[in-house]
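Going down the list, the sequences are from chains A and B. In short: position in the first sequence from 1, add 1, done, that's the working numbering. In short: position in the second sequence from 1, add 307, done, that's the working numbering. We put the beta carbon where it would ideally sit given N, CA and C, even for glycine. This one's a predicted model, so the numbers in the text were calculated from it and none came from an experiment.
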Amino acid sequence: MAAVAESLSFLGLTPSARDPATAVRRRNRGPRNRKKGWKRWAGPEARLGREIGDFLEDVTLQQRVAGGLIAEQPDAGLFFVDTGNAEKGRKRKNKIREKPLHIDLVLQPDSKVPPPKDILSHQIPNGKKERRRRQFWERLAQRGVLPRAERRLQTRLQNAAAPPRGPPREKAPEKGRVDPGRSFYDIWADDNPLERALVGQDSWFLQQTQKQRVKRPPRLQQKPSQLPAVEVIAPGGSYNPTFEDHQALLLKAHEVEVMKKRAEDKVERQLRFPTAAEAPTAETVFREQCEGLLEESEGEEEEEEEQKEEAVGGAQPSDPPRPPLRPGKKTEQQRRKEKEARAQELRRRQEKAWRCRQQQLFRLRSLGRQLRRWEQELLRRRRAREAKRREMEGRPRRLGRIKYEDPALEVQLSDELAESLRTLKPEGSVLHDRFKSLQKRSLIEPRERAKFKRKYRLKYVEKRAFREVTL
Amino acid sequence: MGGLEKKKYQRGSATNYITRNKARKKLQLSLPDFRRLCILKGIYPHEPRHKKKVNKGSTAARTFYLLKDIKFLLHEPIVNKFREYKIFVRKLRKAYGKSEWGTAERLKDNKPTYKLDHIVKERYPTFVDALRDLDDALSMCFLFSTFPRTGKCHVQTIQLCRRLAVEFLNYVIASRSLRKVFLSIKGIYYQAEVLGQPITWITPYTFAHDHPTDVDYRVMATFTEFYTTLLGFVNFRLYHSLNLHYPPKIDGQAEVEVKPAEGKEYAMDSESYLEKLSALSASLARVVAPTQEDDVEMDEFPVEGETAEQMDARRKEQEALEKHKKLFEGLRFFLNREVPREPLAFVIRCFGGQVSWDKSLCIGATYDVSDPSITHQIVDRPRVEQQVVGRYYLQPQWVFDSVNAKLCLPVADYFPGVLLPPHLSPFVTEQEGDYIPPEKLKLLAMQRGEDPGEETEEEEEEEEEEEEDDNDKDEEEEEEDESEKEEEIKLKKMEEQKAQSNKALPVKVTAGKVRLEDKQRLEQEQQSEEKRLAIMMMKKREKYLYKKIMFGKKRKIREANKLAAKRKAHDTALKEEKKKTKKARRA
């Protein structure tokens, strides 16, 4: 307390002592451009006003500094008893530390009026509601009613502690397929619960009353792919592989990467900005614009010339202009002649065919050879087809818009290999492996994740409270 | 011609297929429900051979199903359940929206559920069918059982998967049917032989999950839903085939109940039971107590068309298998806390070993580190303080390698801090002419009962000798001088002997030598001669094929030789480097 008093003792309580500027400011009479400002501010009212003003300022100053009027303060609040030299020695020792730095003094809050509370920091969202609810549940708890979650927990604990006493519910809820405590039975035995109800009944009755399940067609027993369900990783994928196996796996991974790089390079090459030599100049642009126009005109000229020549040459052997075909009825004679010609043609063709057949009798051997050759060709084609089909069978099918793509090879570089099992860092994910395996065996179609599409565009607003500070 | 014009796409393949959207509409299901139904029923999309015909002239890539498959789906009772569930969700949402909590409760109590038992029976009419498809089911269950319970899928599913997986592991232990283990960088591959069917599955390493984003969790959860049902029924059947209780009971239940205090620390009673099971340290109780097994040898009936040799080979195989099953019998293991407990405990118990771990590590520890009867302690840290005499301290790879090699490997290569020999994949079977790495060769030799360790020791000795050579060349030179002198003496003696014999008799009848007719060689010659003749007599086409095959074989051998040479070069380079470092260290 002594220290506080001391620090305060630097400053007097007179208005001018605290802030020397105020004394000077008193004389300011306001703006001089008005007549009001010219007045000398004399007279009894003005003095009274000044005194009241001084008094009020003094009171606020005392409140600020001493926390109330000094006259009203008890003596103990203002004075202390100096009890001698005992502290003097210590004080001298700590003198340097005791004296506060000027800069600290300036920065110290010298107001006794407490700062306004930051209400926001004390506010809890939905605080009132939550408090109400808490009070509500407390009231209920006094009456012995607990919230549902707690109730369930309690019953669970009790059930676990003591097996069910009293009569159970008449119909226990059926345990679902994912209940971890569900029971199983021998489904492949002759009298399994699944089919016990149907045993010994008339099959016709069962069929008509739709109690018998539809038989699964045998075609569905075959799997779409013959690939094994779990494909074991290559020996190079061991956590501690032999040198060769690891190299082989690395080579495989390298080849995949090379292919990827090549595809990437190709795209880049095609999209590259042309160099100065390749870039279009004014001349090439012009030529491009005229593309086709010039050549066409040249061609046309030539054609025209040709046409002229033809016209010159063709005019000499003057054919009599053919009379245009007259549309109209044919005469009886014409019909008869045409008919005879048709019949003769038919006869001629038949004779020719007969002759050919006769001739083929002498070509029996060569025909046989031809046949054999043809059959061989067919066999070859069938084999090729089968081979192709067999090859395709191993491959995943195309089942939708997206093609199946092999997952990235799991591989660890030579310096990533673990020295012992403890330091092993697993590569890849088993979940991903399983998922890709299902796709590879054509059990599910490859899909891509549905993209999130925003209905409305986002609008960005900078709030005043959080406006970005730019210096 | 005449007749009506045939309309396009009204017969043939166009009518045999149906697009996915049409199928969905026909079944009145939403797309996720349709997908779920197809997975559960095992109906997969088809790729038609003539897509343009099926697609009515369009070439857009679509998903097609066989129309008959979809018609088959129409009879499925689960379809109705799906519709009911949809309605249930709608009602519930409405009740919540109106804040009718009583209605919501009532609806929830009557939540429609369905079971997949009949689908399991339908898809797998016999038990063997189910066993053949167990690979997928196991991999999926083991995968899901390691998921964190953070809402990626239902917690119940995870619990069920864990339960089924543990049950299966316990079955494999009880039946001793594990055959191969492979530690890969992706996960651990296991292969067991269950009722004659090889079953392979993969388990992820623990705590190795980062959830990939390009995986459809809903699809995976649907697959798991079906596979859990399947695995449950298979487990039941398997347990009963061994006369074990299902759900599994730990043997010597009374003993466990005497000290339940241990369990209380971990979990609730219902949970601690599964925990104890998953510790894999206790054996399971049998329905009928096993009577003293009187070793009745089975009568052997020769299978028709089987020669004595084949039968002999079969019997030998059987014996080897029996021996393999009892690989770790009588050994007592202790797992340090830094090694993966579950896979190791599983593998050791599968081959008859006893295993324990620190009590604070996991429930179910049976003995302490200080137990003097421990023979092997599995350690995975560079060096071990406070070693106890009378037990081997080994790295975990020894266990897996021994299982794959079908014999207890020499322990010297697996001491803590020692550079481990490579972990070979047991799933690779080399064919004739393939390149076999030297590590595998060594292993094969060991399996035959030879001791390949000598070679390496000799090599090392040679090395040491070489090093010694550098140190004391002078001594060696002296030795060389001595040896030269000895040789000279010998030569002189020989000459003397020759001279004497020449002097004695110019003509001599030497004793007749029995010319040994090497029957084997003769036979071989005969065979090769026959072969050559047969080749000569081949038709041109066959000969061409034969030559092609032989060329392929030779190429394979050549490649193998190349690889071997490469390896040798690599090894020598390594050795030299090692030597250099050694010298540097010395200097």
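Using a threshold of 7 angstroms, state whether the C-beta atoms of residue i and residue j are closer than that.
i: B:Tyr700; j: B:Pro723; result: yes
i: B:Ile509; j: A:Val431; result: yes
i: B:Ile685; j: B:Leu642; result: yes
i: B:Arg369; j: B:Thr433; result: no
i: B:Leu414; j: B:Lys388; result: no
i: B:Val646; j: B:Asp675; result: no
i: B:Phe533; j: A:Ile188; result: no
i: B:Arg470; j: A:Pro181; result: yes
Residue i touches chain A at which residues, Cβ-Cβ below 9 angstroms?
i: B:Ser732; result: Val233, Ile234, Ala235, Pro236, Gly237, Gly238, Ser239, Pro242 and Asp246
i: B:His631; result: Within 9 angstroms Cβ-Cβ: nothing; B:His631 doesn't reach chain A, min ~20 angstroms.
i: B:Gln704; result: Tyr240, Asn241, Ser421 and Leu422
i: B:Asp521; result: His433, Phe436, Glu449 and Arg450
Strictly below 8 angstroms CB to CB, what residues from chain A border residue i?
i: B:His425; result: Leu195 and Arg214
i: B:Gly349; result: Leu221
i: B:Trp508; result: Val231
i: B:Tyr496; result: Val231, Val233 and Ile234
i: B:Pro647; result: Leu422
Quick one: Cα of residue i to Cα of residue j, how far?
i: B:Ala472; j: B:Ser452; result: 8 angstroms
i: B:Ala437; j: B:Leu881; result: 51 angstroms
i: A:Asp119; j: A:Arg152; result: 40 angstroms
i: B:Glu600; j: B:Glu474; result: Per-residue confidence for B:Glu600 stands at a pLDDT of 49, beneath the threshold of 50, marking its modelled position as unreliable; the derived number appears in the next sentence. Their Cα atoms are separated by approximately 25 angstroms.
i: B:Glu383; j: B:Asp442; result: 26 angstroms
i: B:Gly570; j: B:Ala586; result: At B:Gly570, the pLDDT of 45 sits below 50, so the modelled position is not reliable and the matter cannot be decided from this model.
i: B:Lys869; j: B:Glu649; result: 41 angstroms
i: A:Arg170; j: B:Ala672; result: Reliability of the predicted coordinates at A:Arg170 is poor, the pLDDT of 49 falling under 50, and no value is obtained from them.
i: B:Glu769; j: B:Leu829; result: Its pLDDT being 42, under 50, B:Glu769 is placed unreliably in this model, and the value from its coordinates should be taken loosely. So the alpha carbons of these two residues sit roughly 41 angstroms apart.
i: A:Gly401; j: A:Glu449; result: 11 angstroms
i: B:Lys623; j: B:Gln617; result: 10 angstroms
i: B:Arg865; j: A:Lys216; result: 56 angstroms
i: A:Gly54; j: A:Asp111; result: 22 angstroms
i: B:Leu823; j: B:Lys838; result: 25 angstroms
i: B:Leu476; j: B:Ile506; result: 13 angstroms
i: B:Glu333; j: A:Leu207; result: Per the sequence presented here, residue 333 of chain B reads as Lys, with Glu not at that position. Those two C-alpha atoms are separated by around 26 angstroms.
i: B:Phe640; j: B:Leu727; result: 20 angstroms
i: B:Cys448; j: B:Thr535; result: 7 angstroms
i: B:Ile856; j: B:Lys556; result: 58 angstroms
i: B:Thr464; j: B:Asp340; result: 18 angstroms
Which residues bound the alpha helix (DSSP H) around residue i?
i: B:Asp872; result: The question names Asp, yet the displayed sequence has Ala at residue 872 of chain B. B:Ala872 -> alpha helix (DSSP H) spans Lys847 to Arg893.
i: B:Thr535; result: Tyr524 to Ser548
i: A:Ala344; result: Glu333 to Phe363
i: B:His379; result: According to the sequence shown, residue 379 of chain B is Phe rather than His. It spans Leu374 to Leu380 - the alpha helix (DSSP H) in which B:Phe379 sits, taken as one unbroken run.
i: A:Thr285; result: Ala283 to Gln290
i: B:His425; result: Asp424 to Arg430
Going by C-alpha to C-alpha distance, which of the options sits closest to residue i?
i: B:Tyr351; options: A:Leu418, A:Arg370, A:Asp266 and A:Leu439; result: A:Leu439
i: A:Ala230; options: A:Arg468, A:Val462, A:Asp434 and A:Ala451; result: A:Asp434
i: B:His353; options: B:Gly364, B:Leu344, B:Lys375 and B:Gln335; result: B:Lys375
i: A:Met393; options: B:Ala321, B:Gly349, B:Pro355 and B:Lys329; result: B:Pro355
i: B:Lys360; options: B:Cys345, B:Glu884 and B:Gln317; result: B:Gln317
i: B:Val695; options: B:His683, B:Gln704 and B:Val706; result: B:His683
How would you write the range of the beta strand (DSSP E) that residue i sits in, first residue to last?
i: B:Phe722; result: First-last for B:Phe722: undefined, no H or E at that position.
i: B:Leu325; result: One point to set straight first is that residue 325 of chain B is Ile, not Leu, in the sequence displayed. First-last of the beta strand (DSSP E) with B:Ile325: Tyr324 to Thr326.
i: B:Lys459; result: No beta strand (DSSP E) holds B:Lys459; DSSP gives it neither H nor E.
i: B:Val488; result: Leu485 to Leu490
i: B:Tyr403; result: Note, B:Tyr403: premise wrong, no beta strand (DSSP E); alpha helix (DSSP H) at Pro384 to Gly404.
What residues of chain A sit near residue i, judged by a beta carbon separation below 7 angstroms?
i: B:Ser446; result: Val231 and Arg435
i: B:Ser491; result: Ile234, Gly238, Ser239 and Tyr240
At 8 angstroms on the CB atoms, spell out the chain B contacts of residue i, in chain order.
i: A:Phe185; result: Gly539, Phe540, Asn542, Phe543 and Tyr553
Could you check whether the Cβ of residue i sits closer than 6 angstroms to any heavy atom belonging to the ligand NAD?
i: B:Arg343; result: Annotation note on the ligand NAD: not contained in the displayed structure, which lists no ligands.
List the residues of chain B that residue i touches, going by C-beta distances under 9 angstroms, in chain order.
i: A:Gly401; result: Arg327, Pro352, Ala368, Arg369 and Thr370
i: A:Gln413; result: Ile492
Report the neighbours of residue i on chain B: residues whose CB is nearer than 7 angstroms to its CB, in chain order.
i: A:Pro225; result: Tyr351
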